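Below is one structure; the comments refer to it alone.
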Amino acid sequence: PDVRDAVQVSCVVVVVEWVFVSERPCLRPPGPETLVTHFHHVIELLKFRQGTVSGIFLSAVFQFSYTAVFGAYTAFIFIRTGHLIGPVLCHSFCNYMGFPAIGAAFDHPQKLTILLFYLLGVSLFFLLLFPMTDPVFFGELPVCQLTKPDTGLSICT
């Protein structure tokens with residue numbers, strides 16, 4: 001993940017500049033570069049016949065969607081903090097932990113407790129997302145020197 005993050009996240013600055021300095025819209029669905037980074041899994045599964053074709057492609061669509069959301073999140077971290085280490089550590093941690101086994105929680109004897117902690121974790125994530133990535137914690141950032149059109153305000157405010 002280190003090289004991929006370094007390339008993807010460090011290039012976000014150009015995209016951010018394009019979004020906030022120009023009038024052209026930048027929001028778009030994930031591009032082919034996101035698909036290519038995980039397409040080798042589909043090839044491996046098909047080659048070794050580890051599932052049905054429809055199941056393999058359904059899994060690939062899920063992974064592509066999850067990767068797109070995660071890519072937006074790591075870009076957000078980079079834009080808010082201005083540091084590459086945050087997205088790299090986040091990516092490494094998420095790769096280590098894997099996708100949450102929510103389905104397994106329903107079969108667990110303590111499912112109510114586990115589901116409550118899942119809910120608590122998701123709630124705290126969204127509640128603390130902006131306060132914990134406040135640019136004030138990270139000093140003067142080159143990314144924050146960009147300003148919103150017609151306002152002159154920093155993109156980090």
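Quick note on numbering: the UniProt record's numbering labels position 10 of the sequence shown as 10, and the sequence is numbered without any gaps. The beta carbon of each residue, even a glycine, is placed where N, CA and C say it ideally should be. Since the structure is predicted, the reported quantities are computational estimates derived from the model, not experimental observations.
- In terms of residues, what are the limits of the alpha helix (DSSP H) holding T67? Note, T67: alpha helix (DSSP H), V53 to T81.
- Just the Cα atoms here: how many angstroms apart are T133 and Q50? The alpha-carbon atoms of T133 and Q50 are separated by roughly 41 Å.
- Do C90 and Y66 have their C-beta atoms within less than 9 Å of each other? It is not a contact, given that the beta carbons lie outside the stated cut-off.
- Would you identify the three-state DSSP class for G86, choosing helix, strand or coil? The three-state secondary structure of G86, taken from DSSP, is helix.
- Query: Skipping 5 residues on each side, what residues in its chain have a beta carbon closer than 8 Å to that of V53?
  - Reply: Closer than 8 Å at the Cβ level, and outside the excluded window around V53, lie L46.
- Run through DSSP, which three-state label would T133 get? Coil, per DSSP.
- Is F99 buried or exposed, if buried means 16 or more other CB atoms sit within 10 Å of its CB? Classification of F99: exposed, given that the 10 Å Cβ count is below 16.
- Among H40, C94 and F76, the one whose alpha carbon lies nearest that of L129: For L129, the closest C-alpha among the options H40, C94 and F76 is that of F76.
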